[in-house]
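Colleague: The structure's right below; bear with me while I get my questions together.
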Amino acid sequence: MKFAPALRALANERRLQILDWLRDPRKHFREQADGDLVEDGVCGLLIAEKLGVSAPTVSEHMRVLTAAKLVRAKRIKQWTMYKRNETAIAAVKRSIQAGL
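Quick note on numbering: the sequence shown equals residues 0 to 99 in numbering that gives the first Met the number 0.
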């Protein structure tokens with residue numbers, strides 16, 4: 000795994016906040032019409048709503064997190080759902096703790 004994209008993704012306070020919220024989506028997001036918050040992930044529009052930003056802004060944050068493999072994107076109907084990639088996050092944590 001390449002860690003530079005992950006480190007760049009984690010260098011943004013809003014992306015860190017999104018990752019924290021996605022750890023426990025039922026606690027941080029209202030129910031959504033399509034898809035399960037835990038099984039399928041959280042709709043990008045709910046993330047934008049919670050952050051108080053536009054859909055294009057949250058799309059860019061999610062693009063960076065997805066490119067770094069810290070989250071997984073899944074399409075359900077016209078929505079994109081986002082879910083943490085716990086395996087990748089754990090690998091980044093181990094690398095940081097080991098001093099890269």
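Glycine included, every Cβ here is placed at the ideal spot set by N, Cα and C.
These numbers come from a predicted model, not from an experiment.
I'd like to confirm the pairing. Which residues does DSSP put opposite W78 in its beta bridges?
Modeller: Paired residue(s): I75.
Colleague: When the distance is taken between beta carbons, is L64 closer than 7 Å to R7?
Modeller: no
Colleague: Could you check how far apart the C-beta atoms of R83 and V70 are, in whole angstroms? I think they sit under 8 Å.
Modeller: 6 Å
Colleague: Name the one or two DSSP bridge partners that V70 has.
Modeller: Answer by DSSP bridge pairing, in chain order: R83.
Colleague: Rounding to the nearest angstrom, what Cα-Cα distance links L9 and K73 in this structure?
Modeller: 21 Å
Colleague: Considering only residues of the same chain and omitting the five flanking positions on each side of A47, which have a CB-CB separation below 6 Å?
Modeller: Listed in chain order, the non-local C-beta contacts of A47 below 6 Å within the same chain comprise A54, V57, local neighbours out to five positions each way being set aside.
Colleague: Identify which residue in K49, G40, K68, R93 has its Cα closest to the Cα of T79.
Modeller: From the listed residues K49, G40, K68, R93, the smallest Cα separation to T79 is found for G40.
Colleague: State buried or exposed for V91, treating a residue as buried only when at least 16 other CB atoms are found within 10 Å of its CB.
Modeller: V91 is buried by the Cβ-count criterion.
Colleague: By Cβ distance, which residues of its chain are closer than 8 Å to K49, with the 5 residues on each side in sequence left out?
Modeller: W20, H27, F28
Colleague: I think A67 touches A5, with their Cβ atoms under 8 Å apart; what is that distance to the nearest whole Å?
Modeller: 4 Å
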